[in-house]
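For reference, the structure is listed below as structure tokens.
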Amino acid sequence: MIITKIESQKNPDRVNIYIDGNFAFGILKEIELKYALHENMEIDQTFIEKVLLEEEKLKARNKALSLLSYRNRSTREIIDKLLKDGFEDPIIKDTINYLRDYNLIDDSQYAKSFMKDKVRLNKYGPNKIRLELYKKGIPKEMIEDALGEYPDEYHVAYDLAIKKMKTYKRDDQKVLYGKLGRFLEQKGFSYDCIRKVLKDILE
């Protein structure tokens, strides 16, 4: 088999490869340069499969890097997105290894950063953070390690309750107790913490 033509696509980062006069496949220009592809180059099926495998690897890596350019993500989030986009397991595994090698994903650091952001921006309690991290595929031990750095739960819940109570100021104490309790529970605070906060504020 002979490469008879290499032409640029509308996307300047990609080229079309023609073999024996017929269109064969499109690849990233980066791969063309890596393998020094050129017209009149003799190739075989094994070489073609090698080139196409490299194409899939680069596409998956580029997709993962694009996802990470918007925000940090857990390993599970990257895997799920690549699966959804149709990449095979060996390609996904290669991509994850690549990201780890360059310290672009780290579930332990992700969990700690996520926890701090959710406390600062959303005033989430430990239970809700634990659930959210679980949904993102973070291992249990990493979740608990991250929550070990959670600030004082009582003070976070107390400050949040004081702020929220202003919207309930016309309610009687019994109604207020129920509303605040449900609100703090939805935010992810523990039963013992909620009980203490409500006692200190309302009793």
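Residue 1546 in my numbering is what sits at position 161 of the sequence shown, and the numbering runs on without skipping anything. C-beta atoms are modelled at their ideal positions from N, C-alpha and C, and glycine is treated no differently.
Checklist entry - Taking the runs of the alpha helix (DSSP H) that are 4 residues or longer, which of them lie wholly in the region 1492 to 1529? => result 1492 to 1502, 1511 to 1520
Next on the checklist: Could you check whether the region 1505 to 1517 touches the region 1571 to 1587, counting it as contact only if at least three pairs of C-beta atoms, one from each stretch, sit closer than 8 Å?
Outcome noted: Touching, yes.
Checklist entry - If you check the beta carbons only, do R1461 and G1522 fall under 8 Å apart? => result As a position in the sequence shown, residue 1461 is number 76, starting the count at 1. As a position in the sequence shown, residue 1522 is number 137, starting the count at 1. Yes, these two residues count as a Cβ contact at 8 Å.
Next on the checklist: Out of N1396, Q1494, N1407, Q1558, which one is the CA nearest neighbour of K1414?
Outcome noted: Here residue 1414 refers to the residue found at position 29 of the sequence shown. Out of N1396, Q1494, N1407, Q1558, N1396 has the C-alpha closest to the C-alpha of K1414.
Checklist entry - What three-state label does DSSP hand I1404 in the structure shown? => result Position 19 of the sequence shown, counted from the first residue, corresponds to residue 1404. Strand at I1404.
Item to check | In DSSP terms, what E1392 is bridged to | outcome: Counting from 1 along the sequence shown, the entry for residue 1392 is found at position 7. Paired residue(s): N1401.
Next on the checklist: Counting C-beta neighbours from all protein chains within 10 Å, is the total for V1436 16 or more, i.e. buried, or is it exposed?
Outcome noted: Your numbering for residue 1436 matches position 51 in the sequence shown. It is buried - the Cβ of V1436 has at least 16 other Cβ atoms within 10 Å.
Next on the checklist: Going by beta-carbon coordinates alone, are L1467 and A1445 separated by less than 8 Å?
Outcome noted: Start at 1 with the first residue of the sequence shown, and residue 1467 comes out as number 82. Start at 1 with the first residue of the sequence shown, and residue 1445 comes out as number 60. In this structure, A1445 lies closer than 8 Å to L1467 by Cβ.
Checklist entry - Around the Cβ of F1472, are there at least 16 other Cβ atoms within 10 angstroms (buried) or fewer (exposed)? => result If you number the sequence shown from 1, residue 1472 lands on position 87. Under this definition F1472 is a buried residue.
Checklist entry - Pairing CB atoms from the region 1525 to 1532 with CB atoms from the region 1550 to 1564, are three or more of them under 8 Å? => result no
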